[in-house]
Amino acid sequence: MQTVTKQNSGGLRQWLTSNTPQSRFQARCGRAWLAWTKLTENHLAMIGLGIVLVLIILTIFAPVIAPYNPVAADLGNRIQPPSAAHWFGTDQLGRDILSRLIYGAQYTLMIVALVTITAAPVGLLIGTVAGYFGGWVDSVLMRITDIFLAFPKLILALAFVSALGPGLENAVLAIALTAWPPYARIARAETITVRKSDYIDAARLQGVSSSGLILGHIMPMCISSVVVRVTLDMAGMILIAAGLGFLGLGAQPPTPEWGAMVSEGRQFLLEQWWVSTVPGLAIFVVSLGFNLLGDGLRDVLDPRGGD
120 MQTVTKQNSG GLRQWLTSNT PQSRFQARCG RAWLAWTKLT ENHLAMIGLG
170 IVLVLIILTI FAPVIAPYNP VAADLGNRIQ PPSAAHWFGT DQLGRDILSR
220 LIYGAQYTLM IVALVTITAA PVGLLIGTVA GYFGGWVDSV LMRITDIFLA
270 FPKLILALAF VSALGPGLEN AVLAIALTAW PPYARIARAE TITVRKSDYI
320 DAARLQGVSS SGLILGHIMP MCISSVVVRV TLDMAGMILI AAGLGFLGLG
370 AQPPTPEWGA MVSEGRQFLL EQWWVSTVPG LAIFVVSLGF NLLGDGLRDV
420 LDPRGGD
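For the sequence shown, our numbering gives the first residue as 120, with consecutive numbering after it.
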């Protein structure tokens, strides 16, 4: 039985690493396998991947894992230090900090996901359109991009949230409005590189429209670079979201958002350090995880960026 299993495993490995793939599907699987193999050789990237996977697991199974209701107050147990009953202690309203951290992972991942699926496609579209058409189209779109890049992201997000009003939805929108310019810059640079390629000229001679060239031929060439940048930017998104929550412009009480938890506990920092230190450490660890994973993906998907 073990011999058959080894043969099947060896056959699959040979199929994935074949130098002469028989189909497009096999070629894609082979590239994915080689990328995964290279990623697993980077131990720091695997640590980052582990942190991100833990965040995802906490998000999915929060109702099962959390020992207490994250918003239920228990004034008889307020400001309790870490113990067997409350591993990370309790806050000023007697709420279990561990349970609030676990549920707060949902909001952290939701913010990252919503900003990513909003900002990345917008930046990719603007960058490819600017790079493909050039001329006045490029000038107008890049000047708009430069205006957004001229301001620090947190300051710009604060301005948008101040105009839109506090709340988690407005915070996500504000972060997305500040996150797209770098992706537009990357996509534009990639588009300028490939727009004069032979396969683009061949597709144009076959009658493919400009929109078809951008969507079907140029955008796929830019995705890997954008994915790397998005992964690296996720840590920044988390920090900006935490900053907005700290200032009371993000998720509103009693929502267990990590930045808001740090803000609520800052008045107890000297004596009851765990109230704000624990969520602060959670922000640090998750941001570090996304940074480590992003560095590993950059080495795999964009070797030029890692040189």
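Heads up, the beta-carbon is just placed ideally off N, CA and C, and yes, glycines get one too. Just so it is clear, the structure is predicted and the values come from calculations on it, not from any experiment.
Asked: Can you tell me whether Gln-325 is buried or exposed, with buried defined as 16 or more other CB within 10 angstroms of its CB?; Found: exposed
Asked: Pull up the distance between the alpha-carbon of Gly-425 and that of Ala-151, whole angstroms please.; Found: The predicted model places Gly-425 with a pLDDT of 47, which falls under 50 and marks its position as unreliable; any figure quoted below should be read in that light. Rounded to whole angstroms, Gly-425 to Ala-151 spans 19 Å at the Cα level.
Asked: In three-state terms, what does DSSP make of Thr-374?; Found: coil
Asked: Could you pull out every residue in the same chain whose Cβ sits closer than 7 Å to the Cβ of Pro-373, ignoring the five residues on either side in sequence?; Found: Val-190
Asked: Whole alpha helix (DSSP H) runs in the stretch 323-409 with 4 or more residues, listed along the chain?; Found: 329-332, 338-365, 377-384
Asked: Does the beta-carbon of Ile-230 have 16 or more other beta-carbons within 10 angstroms, so that it is buried, or is it exposed?; Found: buried
Asked: In three-state DSSP terms, what is Asp-215?; Found: strand
Asked: Name the residue from Glu-376, Leu-411, Gly-331 whose alpha carbon lies nearest to the alpha carbon of Ile-166.; Found: Leu-411
Asked: Taking its Cβ as the centre, do 16 or more other Cβ atoms sit within 10 Å of Ile-266, making it buried, or is it exposed?; Found: exposed
Asked: If you follow the alpha helix (DSSP H) that Gly-272 is part of, which residue opens it and which one closes it?; Found: The sequence as given places Lys at residue 272; Gly does not occur at that position. Residues 272-283.
Asked: Taking 8 Å as the threshold, find out whether the stretch 303-315 comes into contact with the stretch 255-264 through three or more Cβ pairs.; Found: yes
Asked: Starting from Thr-209, follow its DSSP beta bridges and name the residues at the other end.; Found: Asp-215
Asked: Where does Arg-197 sit, in a helix, a strand or coil, going by DSSP?; Found: coil
Asked: Find out if the Cβ-Cβ distance for the pair Pro-285, Gln-371 is shorter than 9 Å.; Found: yes
Asked: Tell whether a beta-carbon distance below 9 Å holds between Trp-393 and Gly-213.; Found: no
Asked: Measuring only the C-alpha atoms, how far is Leu-366 from Ser-316?; Found: 49 Å
Asked: On the three-state DSSP scale, how would you describe Gly-286?; Found: coil
Asked: If distances are taken between C-alpha atoms only, which option among Ala-204, Thr-247, Gly-223, Leu-292 comes closest to Ser-329?; Found: Thr-247
Asked: According to DSSP, is Pro-301 part of a helix, a strand, or is it coil?; Found: helix
Asked: Does Gly-253 come out as helix, strand or coil in the three-state DSSP assignment?; Found: coil
Asked: Pro-271: buried (16+ other C-beta within 10 angstroms of its C-beta) or exposed?; Found: exposed
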